[in-house]
Amino acid sequence: MWERLQHMLIKEFIQILRDPRMKAVIFVTPLLQLLVFGYAVTTDITQITMAVSDFDHTQESRELVRRFESSGYFRVVQRVGEARALQELIDRGTVKAALQFDPGFTRDLKRGRSAVVQVLVDGTDSNTAGVVMDYANRIIAQYNRQAAHEALAVREVAMGTPPADALRPRLGEVDLRSRAWYNPDLRSRNYNVPAVIAIIIMLTSLLLTSMAIVREREIGTMEQLMVTPIRPAELILGKTLPFALIGFFDVALITTAAVFWFTVPIRGSLLLLFGATALYLLSTLGIGLFISTVSKTQQQALMSTFFFYLPAVLLSGFMFPIANMPVAVQYLTYVNPLRYFLVIIRGVFLKGNGPAVLWPQMLALAILGAVLFTASTLRFQKRLE
């Protein structure tokens, strides 16, 4: 058996290395996808284009605008003299936000009244708009605190209080000390790049497995294999094991690029990562094997692969939290291997989690992989017969 399997593996690798398309899928595509997704998939919102309409023309209004610019989030690209121009800039998409000061802003501020400043945000993208408004609220809240302390200091100095006492708050203050664990700089890339690795491995293994087997059927070599002494189980193992080894190679290649190119930390065990990858590949190779049994041409295999791949990504928690999905849709995610592997790979990379924490996801992958691979193998054997 092992001798026949060895010859089968050698044959598969020779075929793979002779096919330029296969070599591109194995070596070039994963790195290109990592670079594209690694730079493009980010939730960090910076350099928000902003327009300013200042009808107050005072030092205080200019100071608040300066705070928006120096925050690192906003970039003032235009200053206009009328409110209608702000709406036109937002309508055309020239700016994402606008800041408008009405006349009397500083006068009301110095008299202790509420000084109105209007922040207009393009709400087409609700998520981005919410983040922009949160940034603006934080900047204005910080400005209010400093203005209140300065006003208190000036008032108490005018009443004869020593300057040292004037600058000391009269009431206790809440000292908030926040700390973000596992990702102190809150880089979205640290969260997204490990997920991109899981997505690339799924796509690569699905494409290689489904298209390679269908290609054998198209060129007529599958019939030649069936008349050899090799058993159906050995044939299936010989067709899937090379792509499992390629999957491990791609994981090592992409992980190296993620750590050294994107500086994503990996705090957990590499041995655990590769062990979980084996369970994950059991599921993806099983799905690829199933696709090969329902496809007659490579084009059909390609379309069937993406028919499964896109919903799997959407229902994995990569783009949208699973908890926010409808209950009926949440049940569908339980049969998605990508859902479990995302938790594992992010836990290994960012938190350094071990089997004591990740065993539920690994158990789910093992059960799902065993069921999928067994069912696909039985169907494949039936097709061979």
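All residue numbers for the sequence shown refer to the working numbering, where the first residue is 1345 and numbers rise by one.
We put the beta carbon where it would ideally sit given N, CA and C, even for glycine.
Between residue i and residue j, which are expected to be in contact by the criterion C-beta below 8 Å, what is the C-beta distance as a whole number of angstroms?
| i | j | result |
| --- | --- | --- |
| T1599 | I1545 | At roughly 10 Å, the Cβ-Cβ gap does not stay under 8 Å, so T1599 and I1545 are not in contact. |
| F1717 | L1629 | 7 Å |
| L1633 | T1677 | Incorrect: roughly 22 Å between the Cβ atoms, too far for contact. |
Excluding the 5 residues flanking residue i on each side, which residues of the same chain have their C-beta closer than 7 Å to its C-beta?
| i | result |
| --- | --- |
| V1518 | Note on V1518: pLDDT 49, under 50, position unreliable in the model; the coordinate value appears next. There are no such residues. |
| L1642 | Contrary to the premise, residue 1642 reads as Gln rather than Leu in this sequence. Here the set comprises M1555, V1558, R1559 and E1562. |
| Q1462 | Q1444 |
Taking the alpha-carbon of residue i as reference, which of the options has the nearest alpha-carbon?
| i | options | result |
| --- | --- | --- |
| V1679 | R1419, Q1705 and V1701 | Q1705 |
| P1528 | D1594, D1452, R1561 and V1608 | V1608 |
| S1627 | A1485, R1523 and R1683 | R1683 |
| R1436 | I1354, S1532 and D1466 | D1466 |
| I1354 | G1632, S1554, V1715 and F1587 | F1587 |
| K1695 | G1661, F1592, V1409 and S1613 | S1613 |
| V1595 | I1557, Q1674 and I1689 | I1689 |
| P1681 | A1667, A1700, P1655 and W1346 | P1655 |
| A1485 | G1474, F1445 and L1408 | L1408 |
| T1386 | L1430, T1472, T1450 and R1428 | T1472 |
Under a Cβ-count criterion, where at least 16 other Cβ atoms within 10 Å of its own Cβ denotes burial, should residue i be classed as buried or exposed?
| i | result |
| --- | --- |
| V1665 | What sits at residue 1665 in the sequence shown is Pro, not Val. Classification of P1665: exposed, given that the 10 Å Cβ count is below 16. |
| D1469 | exposed |
| A1602 | buried |
| F1651 | exposed |
| R1662 | Here residue 1662 turns out to be Phe, not Arg, going by the sequence shown. With 16 or more Cβ atoms within 10 Å of its Cβ, F1662 is classed as buried. |
Keeping to the same chain, check which residues put their C-beta closer than 8 Å to that of residue i; ignore five residues upstream and five downstream.
| i | result |
| --- | --- |
| I1392 | Y1417, F1418, R1419, K1440, A1441, V1476 and Y1479 |
| P1447 | F1399 and D1400 |
| I1635 | L1550, T1553, S1554, A1645, S1648, T1649 and F1652 |
| T1390 | G1416 and Y1417 |
| M1394 | F1412, F1418, R1419, V1420, V1421, V1439, K1440, A1441, A1442 and L1443 |
Let's see if you can read the secondary structure: which residues bound the alpha helix (DSSP H) around residue i?
| i | result |
| --- | --- |
| T1584 | P1576 to F1604 |
| V1424 | That residue, V1424, is in no alpha helix (DSSP H); it is neither H nor E in DSSP. |
| M1352 | W1346 to R1362 |
| Y1675 | V1671 to L1676 |
| I1689 | P1681 to R1690 |
| A1524 | Neither: A1524 is in no alpha helix (DSSP H) and is coded neither H nor E. |
| K1454 | F1449 to K1454 |
| T1386 | Here T1386 belongs to no alpha helix (DSSP H), and DSSP marks it neither H nor E. |
| N1536 | S1532 to I1563 |
Would you mind reading off the limits of the beta strand (DSSP E) that contains residue i?
| i | result |
| --- | --- |
| S1397 | I1392 to D1398 |
| V1461 | V1461 to V1465 |
| L1443 | A1441 to F1445 |
Please work out which residues of its chain come closer than 6 Å, Cβ to Cβ, to residue i, disregarding the five sequence neighbours upstream and downstream, and give them in chain order.
| i | result |
| --- | --- |
| D1363 | none |
| G1691 | N1697 and L1702 |
| A1524 | L1530 |
| F1685 | A1542 and Y1624 |
| R1348 | I1574 and E1578 |
| I1360 | M1366 |
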